[in-house]
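> Letter 123 of the sequence shown, counting from 1, is numbered 123 in full-length UniProt numbering, and no numbers are missing.
Backbone N, C-alpha and C define an ideal beta-carbon position, used for all residues, glycine too.
Source: prediction; values computed, not measured.
My questions will all concern the structure given below.
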Amino acid sequence: MALKERPTSARPLWERAMSYYRQAARVLPASGNPYNQMAVMAYHTNEELRAVYFYFRSLAVAMPFSTARENLLLLFEKNRSRYGFIAAAHASAALHGGADASARAAAGAASDVSIRFVRLHGLLFDRINTEQLPE
């Protein structure tokens, strides 16, 4: 989890803030604000998939958070560039092959799946470039 990548002194602050936002979501389940804040925290700790979940939650409530859509679009734009990078890396690895390339590919598989999953949600969310989806 990305929260563990933070310095030890910062981790409790992030965890404490996250617990307050979870508590706020329980108290005001119809408000998108706490979910948006949890998404922002997940985004800043490089947890794209978790951030997408919370941004969608912040939009799918009775009182959606007004800027969550824009935040989500920014996340999808960042993800689009990351997706382009891994697609190019996979194409290069396929050309050059070798055992070393397959070991690197196995190590990054979970990250690649997450990046691709977020990319798919980005395509479906804004319905732009859906012709890029493989059949």
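1) How many Å lie between Gln37 and Phe76 at the Cα?
2) Can you check DSSP and say which residues form a bridge with Ser31?
3) If we ignore side chains and look at the alpha-carbon of each, how far apart do Leu124 and Glu15 end up?
4) Write down the C-beta distance between Val118 and Leu13 rounded to the nearest angstrom, noting that I regard them as a contact closer than 8 angstroms.
5) To the nearest angstrom, how far is the alpha carbon of Ala17 from that of Arg127?
Taking the definition as stated:
1) For Gln37 and Phe76, the distance between alpha carbons rounds to 17 angstroms.
2) According to DSSP, Ser31 bridges with Met63.
3) Their Cα atoms are separated by approximately 31 angstroms.
4) Approximately 26 angstroms separates the beta-carbon atoms of Val118 and Leu13; this is outside 8 angstroms, ruling out the contact.
5) Our two residues, Ala17 and Arg127, have alpha carbons roughly 34 angstroms apart in a direct line.
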